[in-house]
Amino acid sequence: MNEKTADEPIRSHGFTNETLGWKAWLDVVDLAAATPQQIAVLEESHPQAQTSEYYRALVHQPEILRQRSAAFNSIMYAPGGLPRAERELAATVTSRVNGCVYCGSVHAQRFEQLARRRDVIQQVFDDPERAGTTERERAIVQFSVELTASPAKVSAASIRNLRRAGLSPLEILDLIHSVAIFAWANRLMLNLGEPVHPAPPG
């Protein structure tokens, strides 16, 4: 594993914590021709939704996007339960296992902003099955890997491992929701378009 300085991007196995763009493979909604409902749903969904090709592709079906955004925002941002940073860590792990470079970059950044550290992000990008800096963090990461890669193998023992690491029932429910929503989010991202890496300097 290569340690990075605080201002140096992490790049490992095709994943990065750099800010990436995203290019849709389908036609996106032209804002000048959008319906009032489409504009309203974009405004509800995300502050940058009107400039995002991802949201402008999904808003072809505005009611589906509305329901998707309500569920996503509730799972990732609701107060209480699993700390926000740990939800972002679960999202990053899930995206790493699913191969979603764009989602991995976004949620790695959010974890770093909330946790004010990035050591575990380097570990997740290098080898998610071995990542984690504490017993609790390792339990969260390992459960996220298991639920993403082999959901049929999740068992009562999997939940007991989380309880032993100190997670409460509500935190476990939040963790499962966070991993599950990214099974959906990653598949939309992976099948509707591709990440765009920043141009090299110079």
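Following this note's numbering, the numbering of the sequence shown begins with 1 at its first residue and continues without gaps.
Here a beta-carbon is modelled for each residue, glycine too, at the ideal position from N, C-alpha and C.
As the structure is a computational prediction, the values presented were derived from the model and not from experiment.
Which residue or residues does DSSP assign as beta-bridge partners of residue i?
i: A24; result: G193
i: F125; result: Answer is none; F125 lacks a bridge partner.
i: R68; result: BP columns for R68 are empty, so no partner.
i: R11; result: T16
Relative to the C-alpha of residue i, which candidate in the options has its C-alpha closest?
i: A165; options: Q113, L20, I10, E137; result: E137
i: N73; options: A199, H177, N186, R187; result: H177
i: L167; options: R187, R117, E135; result: E135
i: R187; options: A40, R117, T35, G104; result: G104
i: P198; options: N98, F143, T35, Y102; result: Y102
i: W184; options: A32, A40, C100, Q61; result: C100
i: V179; options: I64, A34, Q38, N98; result: N98
i: V120; options: P200, Q37, I64, T133; result: T133
i: A40; options: P62, A32, A33; result: P62
i: F111; options: Y77, Q142, F143; result: Y77
Can the beta-carbon of residue i be found less than 7 Å from the beta-carbon of residue j?
i: T16; j: P9; result: yes
i: L82; j: L175; result: yes
i: G14; j: V196; result: no
i: F125; j: S45; result: no
i: I181; j: I75; result: yes
i: L42; j: Y55; result: yes
i: V106; j: V59; result: no
i: Q123; j: A115; result: no
Hey, could you find the ends of the alpha helix (DSSP H) residue i is sitting in?
i: N17; result: Note, N17: premise wrong, no alpha helix (DSSP H); not H, not E.
i: G104; result: 101 to 115
i: A91; result: 84 to 98
i: V29; result: Per DSSP, V29 belongs to no alpha helix (DSSP H) and is neither H nor E.
i: S155; result: From DSSP, S155 is part of no alpha helix (DSSP H); its letter is neither H nor E.
i: A57; result: 53 to 58
i: S45; result: 36 to 45
i: R138; result: 135 to 149
Could you tell me whether the Cβ of residue i comes closer than 7 Å to any Cβ of chain C?
i: A131; result: As a matter of chain content, chain C is missing from the structure shown, which is built from one protein chain.
Does the distance between the C-beta of residue i and the nearest non-hydrogen atom of the ligand FMN fall short of 6 Å?
i: E63; result: With respect to the ligand FMN, the structure shown offers nothing to examine, as it has no ligands at all.
Task: Contact between the segment 61 to 76 and the segment 140 to 160 (3+ Cβ pairs under 8 Å) - done: At 8 Å Cβ cutoff, the stretches do not touch.
Open item on the list: Under 8 Å: do the segment 48 to 63 and the segment 90 to 99 share three or more Cβ pairs, one atom per stretch?
Closed with: Using a C-beta cut-off of 8 Å, the segment 48 to 63 makes no contact with the segment 90 to 99, since fewer than three inter-stretch Cβ pairs fall below that distance.
TODO: Would you check if the segment 24 to 33 and the segment 190 to 201 touch, i.e. whether three or more CB-CB distances between them fall below 8 Å?
DONE: yes
Open item on the list: Quick check: the segment 135 to 150 against the segment 94 to 110, are at least 3 beta-carbon pairs closer than 8 Å?
Closed with: These segments touch.
TODO: Check whether the segment 71 to 86 touches the segment 171 to 178, counting contact only when three or more Cβ pairs, one atom from each stretch, lie closer than 8 Å.
DONE: yes
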